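Take 1 as the starting number for the sequence shown in UniProt numbering and just add one per residue.
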Amino acid sequence: GQKKKHKKKREKDMMMIPSQSFLFFFSSSFILYTLASPTLQRNALLGFKNEFPISASVPNSLSGLSSLSSWNTSSDDCCSWRGVTCDAKTGEVISIVLSMIAFNGSLKSNSSLFKLQHLHHISLSFCLLRGEIPSSLG
């Protein structure tokens, strides 16, 4: 009686493992998809662009911000935006190269740019950024 009951419980527990593994796999895949979502990447880039106020004293044509006109909500494909390079296989943003843009501010440690987990190259030469480089950039 007791041995049979223990054996059934063990079999039931063993049957639970695959379903729990499946749940873990499914939730992990969902999280990875969510992080790799083109919409989230686009929103992170737009958030970065919006972190810098446009100075009324500097005409848009001189600030260089007009060169970021491709960075907008009308396109989900941020990989086609100026200065953005994506991995050909995964579609992840891996590089941002921008220059000569008067961002009028500093790069903050909580910048939405840091939501781009596969970004490994950033060049912001002659962008008139002020302040310290966040330690999170390593």
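Virtual Cβ for every residue (Gly too), placed ideally from N, Cα, C.
From a predicted model like this one, the values you see are computed outputs, not experimental measurements.
In this structure the segment 75-86 touches the segment 42-50; the number of beta carbon pairs closer than 8 Å is three or more. With at least 16 other beta carbons inside 10 angstroms of its own, I96 counts as buried.
About 6 Å separates the Cβ atoms of N104 and P53, confirming a contact at the 8 Å cut-off. DSSP places T39 within a helical segment (H, G or I) once states are collapsed to three. In summary, I101 is buried, with 16 or more beta-carbon neighbours lying within 10 Å of its beta-carbon over all protein chains present.
For the pair S135 and G47, the Cα-to-Cα distance works out to about 20 Å. Taking a C-beta distance under 7 Å as the contact criterion, L98 and L124 qualify as a contact pair.
Assigned with DSSP and collapsed to three states, G83 falls in coil, not helix or strand. By the CB criterion at 7 Å, V93 and L116 fall inside the cutoff. In this structure, the beta-carbon distance from K49 to L68 falls below 7 Å. The beta carbon of H120 lies closer than 8 Å to those of I94 and S95 in the same chain, with the five residues before and after it left out.
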